[in-house]
Amino acid sequence: MDHMVVGGSKELSLGDSNDFERQSNLSLSDRLKVFKSSQFDLDAFINSKCRRMAEKELKYLTMYLKDLKKASAEEMRKSVYANYSAFIRTAKEISALEGQLLSLRNLLSAQAAVVHGLADGVHVNSLSPGVQGPSDEELSNNKNSEVTKIETWLNEFLESLEVLLAERRVEEALAALDEAERVVEDANDRGSLKTTMLISLQNAITASRLKLADQLVETVSQSSTKGAERRAVVLIIVMALKRLGDGPRAHSLLLNAHHQKLHHTIQILKPAATLSVNPGAAYCTSLSQLVFSTIAQASSDSLAVFGEDTSYTSELVTWAVKETENLGVLVRRQLLTQSAASGNLRAAAHCVQICLGHCALLESQGLSLSPVLLKDFKPLVEQALSANLRRIEQNCAALASSDNWSLTPPSGGGVSQSRLSSSANRFNSMVQDLFEDVEPLETLQLRTPLLEGLVHVFHSYVNTLISAFPASVTEAIQDGLGPSIVKVAETEAQQLALLANALLLSDEFLPRAAAKMLPFNQINRNEEPSRKDIDRQHRVAEQRDWKKRLQKSVDRLRDSFCRQHALELIFTNDGELRLTAHLYTRLDGYAEEPEWFPSSIFQELYMRLSQIAALASEIFVGRERFATLLLIRLTETVILWISDDQTFWEEIEQGTKPLGPYGLQQFYLDMEFVMLFASQGRFLSRNLQQVAKNIIARAIDAVSATGIDPYSSLPEDEWFAEVAQIALKMLTGKANFGNEDREAVSPAASASGRSLTSAFSHGSLTSMQ
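Residue numbers (our numbering): 1117 to 1885.
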C-alpha cells in the first residue's frame, strides 16, 4: 500500500516508498525548503500526499497527528516546570541588570548636565563686548544664592524625613521622597546644582528609601496582628515597598508572609486534634484545604499588587510548587506511609483524591500543581497497591487449603447461576473491595499497574487451583516437594468446580470490578466528542486484551484438567501404561477372528466424557460453549497422545511383531468410535477429525510396509460406522436385537469380552432396532 498509517506501531508513511527513501536521505534543511517558499500552498501539498488515501487511512492519520499534538503539549508543560528555577534566576539577573542600567542612566544624565553647564559658561564668556549682560560677579552671586536655598531645603528635607521615619509615618515619608525626586529632576534639568551636590542629594534620597524599606520589612516581622488584619498590613507595606522601587523585595515579602502564616497554622493543626470517625481523612482535608487556599490567596494578592509581570508570576509559581511539595511531605509522613505499609489502598486513594480535588480549584488561576502531587504520591500508592494485591494472593492461597470445592452463590448477591467455591468467593470479594473508591488511581496513571497486578494475582490463584488436581499432588510428591497445602479435588464435580472458579472470575467478576476503574462516561469529559470516541475505542481494545490474558490462565487450568483425565485413562493406578502398541499387534497372533468392539480405553473415554458433560451442563449454566470446548480439548488430549507417542509408533512400525490386518481393523474401529461419539455429543472438532484420519493413514502405511495390502482385508467404511453405532447404543443401554427381549449390554459386560460377532459378520451387519 502506497499510503498507510499503522496505528499500533504509530509509524507514518506518506507517498511511495522510493519517494520516502529519497526524503530520508536529504538533510533537514533540504526537506524544509518546500515550506520556506513564499508560494507554498498547504492544500496542494496535502492533496499531493494524501490523494490516494482511503477514508480509514485518513482517520488513522488524524488520530496520529492529534496524539503527536497532545504529546507535544505535555512535553512543553513538563519542560516549563523543569526549567522554572533557571527562568526565575534569569529574571532576577535581568532585574539586577535593569537597576544597573538605571544607575548608569542617572550618571550619564549628571554628566550631561555638567557638559551643558560648561557649554553655557563658554557661551557666556564668548559674547560680543558690545552686548551688555550681567557681570561675572552678578552671576556668581545669583548662583550662590540659589545653591544656598537648595542646601537649606535639603537640610530641612533630611531633618523632616528623619522625623517621619522615626515616627513611622509611611505615607508622608513616601510623599516627601517623591517630592525630593521631583526637586532633583528639576534641578538636574536646569543645571542649577553642582554635580557633587546633586549626587549628595540623590544619595540621601536613596539612603532614605532603603531605610524606610528596612523599617517596613521590620514592621512586618514585628507585627503582632493576626488573620485578616495582618494580611491588610502586609499588603500596605508591600505596596509601599513597590512605590519605593523595591518590587522584587516586596513580592518576596508578600510570599514569605503567606508562608509564615501557613507554617504557623500547620503547627497548630495536628492529626490527633481532628475529632472524626476517620481522623486521617479529616486531617488530610484540613491540611490540603489550608495549603491550597493559602496559595490561592497569595496568587490573588500577587496579581492585585504586581499584575501579570513575568518575573513575579514565575516566582509565585516556584513558591506554590515549594508549598505543594511541603504538603506532599506532610501527607506522606503522617498518612500515606502507614497506609502504604499496611496495604490500605482505600485510605491512601482517599487522601490523594482530597488533595487533587483542592489542587484542581487552582487551575482557574493558571496554577497546575497536580504533577507535583502525583510525583510525591505515586510511589506510596503503588506500594499500597502492591501490598493489597499480595494480601489477596496470600489469603486466597490459605483458604484453598480448606476449600471443599463446593460451589455457592458469591457473597453480596449476583446472578443465581454464578457460583464459586469459598476461596474464589473470597478472591472475588477482596478484588471488588480493591476497586472501590479508586478513581485517583487513574489520575496517578496506576490503571495499568493495577490491571497488571490483578492479572498476576489471578495467575497465582490459577496455579493454586492447578495444584489441587490429583496428578499435580502426585508429581509434587515425586519431585520431593512434599504434600500440597491445597486441598485435593478428588471427584470430577470438584475438579469442574476448579474450572468454574477460574472461568467466572475471568469472564464475569474481574471485568465487572475493572469497569469501576474508569467508566466510559467519565473518560476525559472536557475532550472533543471525536477524541472521546477514540479514547472509548482504546479502552475497549485494552479491556479486550486484558480479558484475553485472563483467559490464557483459564486455558492452562483447562489443559491441566484434560491432562489429569488423560493420564488416568492412559496409565493405571500403579503407573503402568495401558495404551500401548501391544493392544493392536497382539490381535493377529490368533487363528480366530477377534470380537469386534471398541477397545476398553476408548469405552472409558466415552463414559467419562458423558459423565463430565452431564456435570458441566449443571455447573456451566449459560456457558455451554466453554463446556463444549472442554470436552473437545479432553478428547484431543487423548488422541494427540497416541499421535505423538514415538514409542507407540516405533513398536507399530518397527517392532518385532508388526501391525497386522486385524490390528489395523481394530485401530480403525477405535478411531471411528471416537469420531462418532464426539460428533453425536457435538464436540467433534476439525482438528480432532484430522488427527484421527492421520492416525488411521499412518497405521495403514505401517501394514503396507509389511507387504500386505491393507485395503484387501479392511471392510467398507459403512461397516466401521455401523459397528461404532452399535457399540455406542450398547454402552448407553439402548440396544435391542431383533425381536428378542434382551437386557442392555453393560459397559462392564462388553469390556469383559462379550462378542458382537453373533450379531454381525465380517463385511455385513444385522440391523439393530
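All residues carry an ideal CB built from backbone N, CA and C; glycine is no exception. Please read all numbers here as calculations on a predicted model, not as lab measurements.
Helix, strand or coil, according to DSSP, for residue i in the structure here?
| i | result |
| --- | --- |
| Thr1524 | strand |
| Phe1551 | coil |
| Lys1259 | Here Lys1259 scores only 49 on pLDDT, less than 50, and its place in the model should not be relied on; the value that follows carries that caveat. Correct three-state label for Lys1259: helix. |
| Phe1799 | coil |
| Leu1483 | coil |
| Phe1687 | strand |
| Leu1562 | coil |
| Leu1695 | coil |
| Gly1830 | The residue asked about is misnamed: residue 1830 is Leu in this sequence, not Gly. Here Leu1830 sits in coil by DSSP. |
| Leu1886 | A question about residue 1886 goes unanswered here, because the residues of the chain that appear run from 1117 up to 1885. |
| Leu1775 | coil |
| Leu1213 | helix |
| Leu1703 | helix |
| Leu1385 | coil |
| Glu1253 | Any reading at Glu1253 needs caution, since the residue's pLDDT is 48, under 50, leaving its predicted position unreliable; the model's value is listed next. Three-state DSSP puts Glu1253 in a helix. |
| Val1247 | Note that Val1247 scores a pLDDT of 40, beneath 50, so its modelled location is shaky; the value from the coordinates is reported in the next line. Coil. |
If I'm right that residue i touches residue j with Cβ under 8 Å, what's the distance once you round it to whole angstroms?
| i | j | result |
| --- | --- | --- |
| Gln1413 | His1374 | 7 Å |
| Ile1508 | Met1546 | 5 Å |
| Leu1378 | Val1354 | Wrong, their Cβ atoms sit about 17 Å apart, outside the cutoff. |
| Thr1524 | Asn1504 | That belief does not hold up - the Cβ atoms of Thr1524 and Asn1504 are roughly 25 Å apart, past 8 Å. |
| Ala1500 | Ala1464 | 4 Å |
| Ile1686 | Trp1757 | 6 Å |
| Pro1714 | Ala1794 | Not confirmed; about 13 Å, so no contact. |
| Ser1522 | Ser1537 | 6 Å |
| Leu1747 | Ala1609 | The pair is not a contact, with the Cβ atoms about 16 Å apart (cut-off 8 Å). |
| Leu1483 | Val1433 | 7 Å |
So, are the CB atoms of residue i and residue j less than 8 Å apart?
| i | j | result |
| --- | --- | --- |
| Val1488 | Glu1441 | yes |
| Ser1716 | Gln1667 | no |
| Gly1771 | Thr1701 | yes |
| Gln1108 | Gln1680 | Residue 1108 lies beyond the residue range present for the chain, which begins at 1117 and ends at 1885; the question has no answer from this structure. |
| Ser1739 | Leu1619 | Contrary to the premise, residue 1739 reads as Arg rather than Ser in this sequence. Contact flag set, yes. |
| Gly1776 | Asp1675 | no |
| Met1633 | Glu1552 | no |
| Ile1768 | Ala1818 | yes |
| Leu1780 | Pro1826 | yes |
| Gly1444 | Phe1408 | no |
| Cys1512 | Tyr1577 | yes |
| Gln1659 | Ala1630 | yes |
| Val1447 | Leu1403 | yes |
| Ile1470 | Thr1401 | yes |
Buried or exposed for residue i, please, with buried defined as at least 16 other CB atoms from any protein chain shown within 10 angstroms of its CB.
| i | result |
| --- | --- |
| Lys1259 | Here Lys1259 scores only 49 on pLDDT, less than 50, and its place in the model should not be relied on; the value that follows carries that caveat. The residue is exposed, with fewer than 16 neighbouring Cβ atoms inside 10 Å. |
| Arg1798 | exposed |
| Met1787 | buried |
| Thr1429 | buried |
| Thr1763 | exposed |
| His1367 | buried |
| Met1192 | exposed |
| Glu1856 | Summary for Glu1856: the model assigns pLDDT 39, below 50, so the residue's position carries little reliability, and this model does not support an answer. |
| Ser1153 | exposed |
| Asn1544 | buried |
| Val1790 | buried |
| His1380 | exposed |
| Gln1782 | buried |
| Pro1495 | exposed |
| Leu1174 | exposed |
| Glu1708 | exposed |
| Ala1160 | exposed |
| Thr1564 | exposed |
| Asp1894 | Any property of residue 1894 remains undetermined from this structure, which presents the chain solely from 1117 to 1885. |
| Thr1268 | exposed |
| Phe1585 | buried |
| Leu1217 | exposed |
For the ligand SAH, is there any heavy atom lying closer than 7 Å to the beta carbon of residue i?
| i | result |
| --- | --- |
| Asp1833 | The ligand SAH is absent from the structure shown, which contains no ligand whatsoever. |
For this session: Ignoring anything shorter than 4 residues or poking outside the region 1422-1479, list the alpha helix (DSSP H) runs there in chain order.
Result: 1426-1447, 1453-1458, 1461-1476
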